[in-house]
Every structure is written in structure tokens, then in C-alpha cells.
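Asks: The first sequence begins at 5 in the numbering used here and counts up by one.
Using N, Cα and C, we set each Cβ at its ideal position, and we do this for glycine too.
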Amino acid sequence: MKKAYRLFHDGALALMRAEWAGMRVDVEYCKRKKRLLSKKVNFYQHKLEKSKLAQLWKKRFRGKVNWNSNQQLSHILYHIMKITPPKLTATGAGATDNEALEKISVPGVDLILQIRRLKKIRDTYLEAFLREQVGGWMHPHFDLHTVRSYRSSSSSPNFQNIPKRDKEAMRVCRGAIYPRLGHLILSADFSGIEVMVACCYTKDERLIYDAVHGDMHRDMAMELYMLDSLDKHHPGERNFRQGGKNGFVFPQFYGDYYMNCAQGLLEWAKVAYRKDGTPGLVHLQDKGLVKLDKKGEIKNCDKFIEHVRIVEDQFWNVRYKGYTEWKERTWKEYQKRGYVEMFTGFRCGGVMRRNEVLNIPIQGSAFHCLLWSFIEIDRISEEEGWDSRLFGEIHDEMLIDTHPEELEHIKKTVERVTTVELPKAFSWIIVPLKVEIEVHPIDGCWAKKESH
DNA sequence: GGAACTCGCCAC
DNA sequence: AAACGTGGCGAGTTCC
Numbered sequence: 005m006k007k008a009y010r011l012f013h014d015g016a017l018a019l020m021r022a023e024w025a026g027m028r029v030d031v032e033y034c035k036r037k038k039r040l041l042s043k044k045v046n047f048y049q050h051k052l053e054k055s056k057l058a059q060l061w062k063k064r065f066r067g068k069v070n071w072n073s074n075q076q077l078s079h080i081l082y083h084i085m086k087i088t089p090p091k092l093t094a095t096g097a098g099a100t101d102n103e104a105l106e107k108i109s110v111p112g113v114d115l116i117l118q119i120r121r122l123k124k125i126r127d128t129y130l131e132a133f134l135r136e137q138v139g140g141w142m143h144p145h146f147d148l149h150t151v152r153s154y155r156s157s158s159s160s161p162n163f164q165n166i167p168k169r170d171k172e173a174m175r176v177c178r179g180a181i182y183p184r185l186g187h188l189i190l191s192a193d194f195s196g197i198e199v200m201v202a203c204c205y206t207k208d209e210r211l212i213y214d215a216v217h218g219d220m221h222r223d224m225a226m227e228l229y230m231l232d233s234l235d236k237h238h239p240g241e242r243n244f245r246q247g248g249k250n251g252f253v254f255p256q257f258y259g260d261y262y263m264n265c266a267q268g269l270l271e272w273a274k275v276a277y278r279k280d281g282t283p284g285l286v287h288l289q290d291k292g293l294v295k296l297d298k299k300g301e302i303k304n305c306d307k308f309i310e311h312v313r314i315v316e317d318q319f320w321n322v323r324y325k326g327y328t329e330w331k332e333r334t335w336k337e338y339q340k341r342g343y344v345e346m347f348t349g350f351r352c353g354g355v356m357r358r359n360e361v362l363n364i365p366i367q368g369s370a371f372h373c374l375l376w377s378f379i380e381i382d383r384i385s386e387e388e389g390w391d392s393r394l395f396g397e398i399h400d401e402m403l404i405d406t407h408p409e410e411l412e413h414i415k416k417t418v419e420r421v422t423t424v425e426l427p428k429a430f431s432w433i434i435v436p437l438k439v440e441i442e443v444h445p446i447d448g449c450w451a452k453k454e455s456h
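(1) Quickly, what does DSSP pair PHE194 with across the bridge? List them, please.
(2) In chain order, what residues of the same chain lie with their CB nearer than 7 Å to the CB of ILE366, ignoring the 5 residues before and after it?
(3) Go to MET20, then tell me how far its alpha helix (DSSP H) extends in each direction, as first and last residue.
(4) What's the C-alpha gap between LEU130 and ASP170?
(5) Just tell me which of ASP382, GLN339, GLU227 has its CA closest to the CA of GLN318.
(6) Please go through the same chain and pick out, in chain order, the residues whose beta-carbon is closer than 7 Å to the beta-carbon of PRO89, but skip the five residues on each side of it.
(7) If you draw a straight line from the alpha carbon of VAL138 to that of HIS407, how long is it in whole angstroms?
(8) Taking buried to mean at least 16 other C-beta atoms within 10 Å of its own C-beta, is TYR48 buried or exposed?
(9) If we require 4 or more residues per run, which alpha helix (DSSP H) segments fall completely within the segment 229–284?
(10) Rounding to the nearest angstrom, what Cα-Cα distance links PRO183 and GLU53 in this structure?
(11) Tell me which residues share the same chain as GLY342 and place their Cβ nearer than 6 Å to its Cβ, disregarding the 5 neighbours each side in the sequence.
(12) Between MET85, ASP101, ILE84, which lies nearest to LYS91 when the distance is taken from Cα to Cα?
(13) State the Cα-Cα distance for the pair SER369 and GLU345, rounded to the nearest angstrom.
(14) Which runs of the beta strand (DSSP E) at least 3 residues long sit entirely within the segment 302–335? Give them in chain order.
(15) On the DSSP bridge list, what partners appear for TRP141?
(16) Once the 5 residues before and after ARG323 are set aside, which same chain residues still bring their CB inside 7 Å of it?
(17) Between the segment 185–193 and the segment 435–452, do at least 3 Cβ pairs fall closer than 8 Å?
(18) Just checking my contact of SER158 with PRO144 at CB under 8 Å: how many whole Å lie between their CB atoms?
(19) Using only CA atoms, which one of PHE163, ASN72, LEU41, LYS51 lies nearest to GLN112?
(20) Does MET200 come out as helix, strand or coil in the three-state DSSP assignment?
(21) Could you tell me how far apart the beta carbons of THR328 and LEU362 are, in whole angstroms, since I believe they sit closer than 8 Å?
(22) With respect to the beta strand (DSSP E) encompassing ARG351, which residues constitute its N-terminal and C-terminal limits?
(23) May I have the straight-line CA-CA distance separating GLU136 from PHE163, to the nearest angstrom?
(24) I need the boundaries of the alpha helix (DSSP H) containing ASP214, first residue and last residue.
(25) Check whether the segment 236–245 and the segment 261–279 are in contact - that is, three or more C-beta pairs closer than 8 Å.
(26) So ASP405 and PHE395 are in contact, right, with Cβ under 8 Å, and what is the actual spacing, rounded?
(27) Within the same chain, show all residues whose beta-carbon is closer than 7 Å to that of ALA451, passing over the 5 residues directly before and after it, in chain order.
(28) When the Cα atoms are used, what is the spatial distance from ILE84 to PHE65?
(29) Have a look at GLU401, PHE308, LYS43 and flag the residue whose alpha-carbon is nearest the alpha-carbon of LYS123.
(30) Residues in the same chain with beta-carbon distance under 8 Å from CYS265, minus the five sequence neighbours each way, listed in chain order, please.
(31) Spatial neighbours of ARG126 within its chain, please: C-beta separation below 6 Å, excluding the five flanking residues on both sides.
(32) Closest to ALA22 by CA distance: which of LEU77, TRP141, ALA94 is it?
(33) Kindly indicate which three-state DSSP category ILE80 falls into: helix, strand or coil?
(34) Check this for me: beta carbons of PHE430 and MET402, under 8 Å apart or not?
(35) Where DSSP assigns a beta bridge to ASP405, which residues make up the other side?
(36) Let's see if you can read the secondary structure: which residues bound the beta strand (DSSP E) around VAL176?
Written as C-alpha cells, this is what we have:
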């Protein structure tokens, strides 16, 4: 308990200094991009209002039309147009999220998706940067007292959910954020830290082997899609591996089960293709796992679901048997004592679901690896009088506003602290840790990558 | 007019 | 038996 307190006490101080450092925002850029996005939104909005969908909408809601209202959209699609909802919300209404709308081929629905995407960038990110900045500087908050798993959170603005995967959104949003003049942004993130921490808790031999030497995403993709080879550098085959990773391995570690996973796996199969050009779904049909209709759409996937069930069973009861045993022990212990403990000294009590109990120690401790490193690097930077400053953190990643002349020293320091000092301080770490350091150009924004 | 809720969506 | 973990936030909606 005392070491947990110490970590958060020191952590709060180090994060405070990062908040203090803050980051530069290109105000004129944000305003320019906002205007550009508004133009695009208006363009799509005009097109939308001319559609048949919009006519029905106006007829039904008359003076009360609100194009942003998903309730109204849901009503038009699922009550007026009598479309069967492809998906329901938590409260049982017809869903209008991306996943649902993509399955509806009604002219205008595609425009709504475009409008939403652009507005998200404009209103959630650029608008927030402009609101939060003062004189071209913003200082996102980092909190340690809000999260059940003893991770951190961020707000005003949230620095931890700025777009990354959607390349256009990434460029627009991260393009607004800069280091101090003459400096560069350096980011360092732990690779697969949650899996590494899971190794430490479960001590599962196969998991340790896979995390250190193997490629479990590739292995699982090959089993799930019945492939005899998989080249992850081939653009089509890469998506099979992505399917194994994002459609099976990650969801499974979070506590999902085969029925949901099968759906995700099929989505990835749609965008995957083999080296000889065979589309993913056709490949699955050749293997007898799905039946396709004349249009190439899935008619029946019962065999595939059953196959995923068997792979899941093997995954937990054979491959990662030790992990399963840890899950049982930990869940039983929680039921008996009413709390779950972390290696880092934190104790989580209260009413929790099974998946929460099993995820919290892993998620929390993984963040504590980052936090310990963050504190140590902050301490060294003060002691050595660096001009460079830590200015943010995203769960398993830290960001440093770096003076170019200090770059090489900082790289070495980060590498040493995260992969050598940390495992010494946290003696429960029984697997090697890897850190990936990325450097952005001098005076370059967060979107620009340094060319090597 | 503000609190609390729903829905949707961004990150790890 | 159970059935995807952790957040913040914008916009709409409902309640008081």
C-alpha cells in the first residue's frame, strides 16, 4: 500500500510538471482547418438535403428537423422506411452507429457518415484545442484519481484520444500540435506491455514464449482462417493477421467469446486476400467454413462459428492453460476476499464483474510501468538540468519536447530506464521489455514523421 | 437552465 | 456459468 501511495504521489508531481510544460498549438492552422472542414460539411449537407431520405425526414419532423439527431434518423430508417435494424443499442433502440449504417444501402446514409467523421475532427479536436489554448499554448490535465484500474485519465482537452489510425484525421489533428521553437517531439512507447504484464501475473510458459520469441497474432490467424502460410508483409495477407489480432487475440484477452469474435473475424476476412489473389471469404468457402451467395456475400457461417469455438477452446485450455488457471485462481480469490491486488501495491475492491477483476490488475500494472519510467525520467531531467521536458503520456507512451542537442542522450536514457532500471525496480517483471522510440522533425508537428 | 441520461466515437 | 477492459467528450434528449 505504501509503495502504491509513493508511486502516485511522485506520479502526480511528475504529471503536474508535464502539465506545466504543455505544448504549442498552431491557432491559425486550427482556424483554417476548421473553415475547410465546415466547407466540406456544408457540401455534403446540401447533397444530403436533396436526397429521398431527407424528404422523408422533413415530411415526418416538419419544423423540428435536426440532421444531427440520431433518434430522428433511427425513426426514419427503422419505422418510416421499415428497414430491419442491423444492430440494436444498449437500450434496445435501432442503432445508427457506423457499423449499422454501413450495412444500410440507402442514398444519403453514406453522406451522414462523412459528415459525422468531419464534424468529429472539427468539433471534438480542433474546436477543443482552440478553446483550451491560451496564447498558443495548451496544458491538458492528467489525473490519477478517476480510473477504476488505477490508470490515468486526461481532460481539457483529452490528450489520450487524439486520432491516430484514421490517417486524414491523424494529420489534421496532430498537425495542430508542436513542440517549443527549435525543438522536436520524441515519443517512446512500450511494445505489447499488457501482454508482458499478463506474462508476469499468469507465468504462463507458452504466453511468455510467444510474447518474447513468437507471433501469436500470426499463429492464431493461420488457425482461425485455416491458412498454411501467412506473409505479414503482403498487403492482402496482412489483413488476415490483423484479423487474428484485432478480431480474436485482443478481444479474447479482454474477456470476449467466440460468438462475437467470429463476426469480427469475418469483417477482416472481407478485406483480406491471399497471394494468389483469392479473396478472404472465397478462401473460407474453399475450406468449407462459410457459404456465399451469387453476390459473394455470406449466406451461412455456422461452420465458421463452430470452428472459432474450437479454436477458442484450444486457445484457453491447451495453448494458454496457465493463463486460464490464473484466471480461475484470481476470480476465486476475489469472490472470497472482495478485492484483487496488484504487484504495484494497489488493491481494487467493490462489486466487480469477472472480466473487470481479471483485466484491472493487468491494465493497471501496465500503466504503472509507464508511470514509474515517467517519474524516473522526469527526475533525471531535473537532476541533469535538461532543457527537454516531458509533456504528456498516453497509457503506455510518454512524450518529450526535446532539444535537438540532447536527443541522443535522451534516447539512451529512455532506453535504459524503461528496459533496464524498471525491471530492477519492479522485481516482478520476469520478461524482457521493449520500447519503441519515434522522433518527429525539428519544429515539426506531431503528425510529421522523421524520415530515416 | 442545469443535471443526468443516451448514443456515438476517439484513444490504449 | 458467462459472455470486450479503461477512459473523455460532443450533441441530443429528458427531467426537474
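Replies: Taking the structure as given:
(1) VAL439
(2) GLU198, VAL201, ALA202, TYR205
(3) Element bounds for MET20: 6–25.
(4) 16 Å
(5) GLU227
(6) TYR82, GLY98, ALA99, ALA104, listed in sequence order.
(7) Rounded to whole angstroms, VAL138 to HIS407 spans 23 Å at the Cα level.
(8) buried
(9) Contiguous alpha helix (DSSP H) elements confined to the segment 229–284 occur at 239–248, 254–257, 262–275, taking only those with 4 or more residues.
(10) 42 Å
(11) GLY353
(12) ASP101
(13) 10 Å
(14) Counting whole runs of 3 or more residues, the segment 302–335 contains the beta strand (DSSP E) stretches 302–304.
(15) ARG28, VAL138
(16) ARG210
(17) yes
(18) Approximately 5 Å separates the beta-carbon atoms of SER158 and PRO144; this is inside 8 Å, confirming the contact.
(19) For the sequence presented, residue 112 should be read as Gly rather than Gln. Checking every option, the nearest Cα to that of GLY112 belongs to LYS51.
(20) helix
(21) THR328 to LEU362, Cβ: 11 Å. No contact.
(22) 351–353
(23) 12 Å
(24) For ASP214, the enclosing alpha helix (DSSP H) has its first and last residue at 209–216.
(25) Cβ pair count under 8 Å is three or more, so yes.
(26) 5 Å
(27) MET174, ARG175, ARG178, GLY179
(28) 12 Å
(29) LYS43
(30) GLY251, PHE252, PRO255, GLN256, VAL312, GLU316
(31) Only LYS38, LEU41 meet the Cβ criterion.
(32) TRP141
(33) If DSSP states are grouped into helix, strand and coil, ILE80 belongs with the helices.
(34) no
(35) Per DSSP, ILE189, ARG393.
(36) Premise fails: VAL176 lies in the alpha helix (DSSP H), 171–178, not in any beta strand (DSSP E).
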